[in-house]
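Structure first, then comments.
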Amino acid sequence: MPINTKKIKVAGLTVAALIAGIVTAYCSRYEYGNQYVVNEEGNKVVDQGYKEVYFGHIPETDELYAEYMVSNRWPHWFPLYQEKYGLIDIENKTATEPRFSDSLLFRFDGLAWDYEGHYVDKTGKIVVDCKYYGKDERFLDNPRKFALFALQTGLTGKSMDYLFTMKISITLLKKKPDVGDAETQVV
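Take 237 as the starting number for the sequence shown in the numbering used here and just add one per residue.
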């Protein structure tokens, strides 16, 4: 009986694709870890453990916040590696889903830009929603100034339709003084 090499190649490719699919599915799942947040008595604040836990103080206040990081199982150097961040509400003993793409930086007003068009408080609640926003990659921190504007004008909990942050620089060219012009004074 002759060996059908075409069937062997198809079977080999099918097995390779199946293995690649299983590896991709396994490595794309997020793993949490075994770092826990505990209170003064030594009790866990939330039952879930995390890969990394960060603590910080909101500037100019006594408020403490906790942030955690989880990642998928791909190696750090692999292009499909991703990290997600979430917040732990220490007082209410709850944690948000890991929905933030980067670590949050809280300002003195207690708000943080989540890089997705929202200002969130330390519990992860959206305080200001900016429906459409653009950003100039050179100034990622710039949108935070609009949080104060939103709070001062009563936009808290409402939507801001447009938020664009970009630097516009205008250079004014001065006319060179003419040498023979009697009214031109060079200082």
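Beta carbons: idealized from backbone N, C-alpha and C, even for Gly.
It should be emphasised that the depicted structure is a prediction, and the values quoted were computed from it without experimental measurement.
Do D325 and F336 have their CB atoms nearer than 9 angstroms?
no
Counting C-beta neighbours from all protein chains within 10 Å, is the total for D357 16 or more, i.e. buried, or is it exposed?
buried
Within 10 angstroms of its Cβ, does L340 collect 16 or more other Cβ (buried), or is it exposed?
buried
Which stretch, first to last residue, makes up the alpha helix (DSSP H) that contains I239?
Element bounds for I239: n/a, residue is neither H nor E.
By Cβ distance below 6 angstroms, which residues in the same chain neighbour F342 in space, the five residues on each side in sequence not counted?
I294, A348
I244: CB within 8 angstroms of a non-hydrogen atom of the ligand ADP
The model on display carries no ligand, and the ligand ADP is accordingly not part of it.
If you check the beta carbons only, do G322 and Y301 fall under 9 angstroms apart?
no
Sort out for me which residues DSSP pairs L323 with in a bridge.
E303
Rounded straight-line distance, which links the Cα of L254 to that of P238
27 angstroms
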